[in-house]
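Undergrad: I'd like to ask you about the structure that follows.
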Amino acid sequence: METLNIGIITYHLDKGNGIDTAVVRFAEGLSKKNNVTLISSRNNFNTDIPFFKLDQRNSRIPMAHNILNKMDLDVISSHFIPSNLIASKTKFFHAMHDAGLPDLHLMHNLKDKLFWAKGSLFNALSLKRVDVVFPISEYIKMELIKRYDFREEMHVLPYGMEVPCSPRKLDGNFILFVGRHMRYKNIHSLFKIFEVFSKNHPDVYLYAIGIQPDPGYVRQLLKLSKNKKIKILGYVENVYNYLYTCRAYVNASLWEGEDLPVIEAQMLGRPAVTFNNCSHQETNLSGYLAKDENDFAELIGRAIDTTVDPRSIIEKFSMEKMVSDFEIIIRSKLNKG
Numbered sequence: 484m485e486t487l488n489i490g491i492i493t494y495h496l497d498k499g500n501g502i503d504t505a506v507v508r509f510a511e512g513l514s515k516k517n518n519v520t521l522i523s524s525r526n527n528f529n530t531d532i533p534f535f536k537l538d539q540r541n542s543r544i545p546m547a548h549n550i551l552n553k554m555d556l557d558v559i560s561s562h563f564i565p566s567n568l569i570a571s572k573t574k575f576f577h578a579m580h581d582a583g584l585p586d587l588h589l590m591h592n593l594k595d596k597l598f599w600a601k602g603s604l605f606n607a608l609s610l611k612r613v614d615v616v617f618p619i620s621e622y623i624k625m626e627l628i629k630r631y632d633f634r635e636e637m638h639v640l641p642y643g644m645e646v647p648c649s650p651r652k653l654d655g656n657f658i659l660f661v662g663r664h665m666r667y668k669n670i671h672s673l674f675k676i677f678e679v680f681s682k683n684h685p686d687v688y689l690y691a692i693g694i695q696p697d698p699g700y701v702r703q704l705l706k707l708s709k710n711k712k713i714k715i716l717g718y719v720e721n722v723y724n725y726l727y728t729c730r731a732y733v734n735a736s737l738w739e740g741e742d743l744p745v746i747e748a749q750m751l752g753r754p755a756v757t758f759n760n761c762s763h764q765e766t767n768l769s770g771y772l773a774k775d776e777n778d779f780a781e782l783i784g785r786a787i788d789t790t791v792d793p794r795s796i797i798e799k800f801s802m803e804k805m806v807s808d809f810e811i812i813i814r815s816k817l818n819k820g
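Each number in my numbering comes from the position in the sequence shown (counting from 1) with 483 added on.
What follows is the structure, encoded as structure tokens:
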């Protein structure tokens, strides 16, 4: 089998960002049989994959593809804006992985709305010059068709996940949320749901883990978390110990393209409770899909006394499967078996 030279480009590679973590793991998986280079504006992961730093500021975007064209690549795999647009202008076979954008009505300030507008424009331009698109869920695939009327070649390719074989059991009796503390994640509603749940389960805590890019929203959450049973922990290096220990994983988010912590929790045998929205029917195989906040609180009560058989979720979302599916499709397109 011929070795491929693959460039994997995204805007940044930051610990604490689920997609960034998945991109690095994807690169590591592909590197077992191929020559892989990570391309980004910054990288704070510890990985053996060669890294190429590319300035992707707005002023650099028009010419950034010329820098990439000097590299020796067979294919460029892009994962976020503006990287998708830059990759679409290179001379290489372009595989665009689309994680989607939250709906506009979920953007609560001018900065977020401008980001949404920029992202939508860049995606529309990228899709005009792409060889194959990999939406990360069926939900995102349908959004691509609806939002951009895109009907060219697409293959749903979820981000693959890996969890430690032997995570450490922590002390504590808690349910868990993991994710960036953004408004569309609806953490404030999760806190209210927890208050209802606590009436029947006063000994259970709620831990919230994740980076905090919106200081104003975090201040709101701190006011709402005066209940001493809600712990906002911020970024945690080894989140798997918490996922393994929690009695249930909970996420009241209003939008997810592919809910990675939901997948990881189930891989570790923990049940997940989410709303029955966006891509959650695809990722929450434990079946606790709530129709409203009261139902959510009730489902947490049911979930905490259960465990999940991880085999089906591992089979569907393993990194090995993602890498294999990607390679099969790309090699067939390049005629390089």
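Just so you know, even glycine gets a beta-carbon here, dropped at the ideal spot from N, CA and C.
Out of Y667, Y727 and V791, which has the shortest C-alpha to C-alpha gap to R651?
TA: Locating residue 651 in the sequence shown gives position 168, counting from the first residue. It is Y727 whose Cα lies nearest to the Cα of R651.
Undergrad: Among T520, I658 and M750, which one has its Cα closest to the Cα of R794?
TA: For this step, residue 794 is matched to residue 311 along the sequence shown. Minimum Cα distance to R794 is reached at M750.
Undergrad: In this structure, how does DSSP classify M625 when only helix, strand and coil are distinguished?
TA: One-based indexing of the sequence shown puts residue 625 at position 142. If DSSP states are grouped into helix, strand and coil, M625 belongs with the helices.
Undergrad: Closer than 7 Å, CB to CB, is S807 near chain B or not?
TA: Absent from the structure: chain B. Only one protein chain is present.
Undergrad: If you count every other CB in all the chains shown that lies within 10 Å of the CB of C648, and 16 or more means buried, which is it?
TA: If you number the sequence shown from 1, residue 648 lands on position 165. That one is exposed.
Undergrad: Is the segment 601-614 touching the segment 756-771 in the sense that three or more CB pairs, one from each, lie closer than 8 Å?
TA: The segment 756-771 is not in contact with the segment 601-614.
Undergrad: Return yes when the Cβ of I564 is within less than 7 Å of the Cβ of A547, no when it is not.
TA: Within the sequence shown, numbered from 1, the residue matching residue 547 stands at position 64. Within the sequence shown, numbered from 1, the residue matching residue 564 stands at position 81. Cβ distance not < 7 Å, so A547 and I564 don't count as in contact.
Undergrad: Rounded to the nearest angstrom, what separates V756 and G699 at their Cα positions?
TA: Here residue 756 is taken as the residue at index 273 of the sequence shown, counted from 1. Here residue 699 is taken as the residue at index 216 of the sequence shown, counted from 1. When rounded, the distance between both Cα atoms is 27 Å.
Undergrad: How should K629 be labelled, buried or exposed, when 16 other C-beta atoms within 10 angstroms of its C-beta is the threshold for buried?
TA: Numbered from 1 along the sequence shown, position 146 holds the residue referred to as residue 629. K629 should be labelled exposed.
Undergrad: Pull up the CB-CB distance for V722 and I692, whole angstroms please, since I reckon it's below 8 Å.
TA: Translated into the one-based positions of the sequence shown, residue 722 becomes position 239. Translated into the one-based positions of the sequence shown, residue 692 becomes position 209. Going by Cβ atoms, the distance from V722 to I692 rounds to 6 Å, so yes, they are a contact pair.
Undergrad: In angstroms, rounded to a whole number, what distance separates the CA positions of F674 and D697?
TA: The residue labelled residue 674 in the question sits at position 191 within the sequence shown. The residue labelled residue 697 in the question sits at position 214 within the sequence shown. Those two C-alpha atoms are separated by around 17 Å.
Undergrad: D581 by DSSP, collapsed to three states: which one?
TA: As a first step, residue 581 is located in the sequence shown; it is residue number 98 there, counting from the start. In the structure shown, D581 sits in a strand (DSSP, three-state: E or B).
Undergrad: Could you check the C-alpha separation between G752 and R785 for me, to the nearest Å?
TA: Position 269 of the sequence shown, counted from the start, is the residue given in the question as residue 752. Position 302 of the sequence shown, counted from the start, is the residue given in the question as residue 785. Spanning the two alpha carbons is a distance of roughly 15 Å.
Undergrad: DSSP has V558 in a bridge; who is on the other side?
TA: In the sequence shown, residue 558 corresponds to position 75, counting from 1. Paired residues: I489 and F576.
Undergrad: Starting from the C-beta of T486, find all residues in its chain whose C-beta is less than 8 Å away, skip the five residues before and the five after it, and write them out in chain order.
TA: If you number the sequence shown from 1, residue 486 lands on position 3. Closer than 8 Å at Cβ, skipping near neighbours: K516, N517 and N518.
Undergrad: With DSSP collapsed to three states, give me the class of P793.
TA: Indexing the sequence shown from 1 puts residue 793 at position 310. Of the three classes helix, strand and coil, the one that applies to P793 here is coil, per DSSP.
Undergrad: Measuring CA to CA, which of I559, Q539 and V687 is closest to D654?
TA: Reading the sequence shown from its first residue, position 171 is the one you call residue 654. Looking at the Cα atoms, V687 is the closest of the given residues.
Undergrad: Taking all protein chains shown into account, do 16 or more other C-beta atoms lie within 10 angstroms of the C-beta of A505, making it buried, or fewer, making it exposed?
TA: Your numbering for residue 505 matches position 22 in the sequence shown. Classification of A505: buried, given that the 10 Å Cβ count is 16 or more.
Undergrad: Do you know whose CA, among D792, R730 and E621, lies nearest I783's CA?
TA: Stepping through the sequence shown from its first residue, residue 783 is reached at position 300. Ranking D792, R730 and E621 by Cα distance to I783 puts R730 first.
Undergrad: Mapping DSSP to helix, strand and coil, what is M644?
TA: Residue numbering aside, residue 644 sits at position 161 when the sequence shown is read from its first letter. DSSP places M644 in strand when its eight states are reduced to three.
Undergrad: Please identify the residue among M644, E621, I813 and H495 whose C-alpha is closest to the C-alpha of K536.
TA: Position 53 of the sequence shown holds residue 536. Comparing Cα-Cα distances from K536 to each of M644, E621, I813 and H495, the minimum goes to H495.
Undergrad: Helix, strand or coil for F758? Go by DSSP, reduced to three states.
TA: Within the sequence shown, the letter at position 275 stands for residue 758. In this structure, F758 counts as strand in the three-state DSSP scheme.
Undergrad: Need the endpoints of the beta strand (DSSP E) that V639 sits in, please.
TA: In the sequence shown, counting from the first residue as 1, residue 639 sits at position 156. Here V639 belongs to no beta strand (DSSP E), and DSSP marks it neither H nor E.
Undergrad: Could you check what DSSP says for P533 in three-state terms: helix, strand or coil?
TA: One-based indexing of the sequence shown puts residue 533 at position 50. It is coil, neither helix nor strand.
Undergrad: Quick one: grab the DSSP three-state call for S523.
TA: Taking the first residue of the sequence shown as 1, we reach residue 523 at position 40. Strand.
Undergrad: Does the contact criterion of 3 or more C-beta pairs under 8 Å hold for the segment 626-640 versus the segment 774-781?
TA: The segment 626-640 vs the segment 774-781: no contact.
Undergrad: What would DSSP say about V745, mapped onto helix, strand or coil?
TA: Translated into the one-based positions of the sequence shown, residue 745 becomes position 262. It is helical.
Undergrad: Considering only DSSP beta bridges, list what F617 is partnered with.
TA: Your numbering for residue 617 matches position 134 in the sequence shown. Looking at the DSSP assignment, F617 forms a beta bridge with H580.
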